[in-house]
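At position 17 of the sequence shown the residue is numbered 39 (this note's numbering), and the sequence of numbers has no breaks. Just so it is clear, CB atoms sit at the ideal spot from N, CA and C, and this is done for glycine as well. These figures come from a predicted structure and were not determined experimentally.
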Amino acid sequence: MSKVAVVFWSGTGNTAAMASAVEAGAKDRGAEVSVFGPDEFTPDKVSEFDAIAFGCPAMGAEVLEESSYDPMFTAVEGSLSGKKIALFGSYGWGDGQWMRDRKEAFPWPGFSRVSSYGT
Ligand SMILES: Cc1cc2nc3c(=O)[nH]c(=O)nc-3n(C[C@H](O)[C@H](O)[C@H](O)COP(=O)(O)O)c2cc1C
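Below you can see the structure in the form of structure tokens.
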């Protein structure tokens, strides 16, 4: 059985709703899913999962949430090679620039499958 982590931050619930959909979809496909807030997910957890879906809305000016999610992601990104990774998150008045920037900044080489989605 595939083991999937959903790691997300949400201020007003929109990205939380997306995280619930990701969790439900992965479970429908037979995966064992664990859901984490950013303060609960650490680099030593990465090896426990086959795939990790990271969710965060656009905050600040087209950036990730800076107090907990961004530090978590910075801490774990060096441990992600070889994992299946998905990025998701909600945004408001922009046009998804924060997600395009995240895709560009992500160290994609070495990842077996990737996807990203913002709405
Ligand atoms: C402090 C703050 C900064 C935001 N910055 C952006 C932004 O740069 N671009 C954008 O499109 N939306 C921005 N938004 C809108 C949120 O991304 C949007 O409301 C999103 O749905 C929030 O997701 P959540 O419910 O998971 O917190 C911002 C919202 C807040 C509160």
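Secondary structure of residue i, DSSP reduced to three states
i: Met23; result: coil
i: Ser32; result: coil
i: Gly47; result: helix
i: Ala75; result: strand
i: Gly100; result: helix
i: Glu62; result: coil
i: Glu126; result: helix
Residue i CB to nearest heavy atom of ligand 1 below 7 Å
i: Ala127; result: no
i: Glu84; result: yes
i: Met81; result: yes
i: Thr34; result: yes
Whole-number beta carbon distance between residue j and residue i, since they are thought to touch under 8 Å
i: Lys106; j: Asp72; result: 6 Å
i: Ala53; j: Val26; result: 4 Å
i: Val143; j: Val28; result: A question about residue 143 goes unanswered here, because the residues of the chain that appear run from 23 up to 141.
i: Ser101; j: Val68; result: 4 Å
Check whether residue i and residue j have beta carbons under 8 Å apart
i: Ser89; j: Met40; result: no
i: Glu84; j: Cys78; result: no
i: Tyr91; j: Pro60; result: yes
i: Phe95; j: Phe76; result: yes
beta-carbon residue i near ligand 2 non-hydrogen atom, thresh 7 Å
i: Ser89; result: No copy of ligand 2 appears in this structure; the ligands present are ligand 1.
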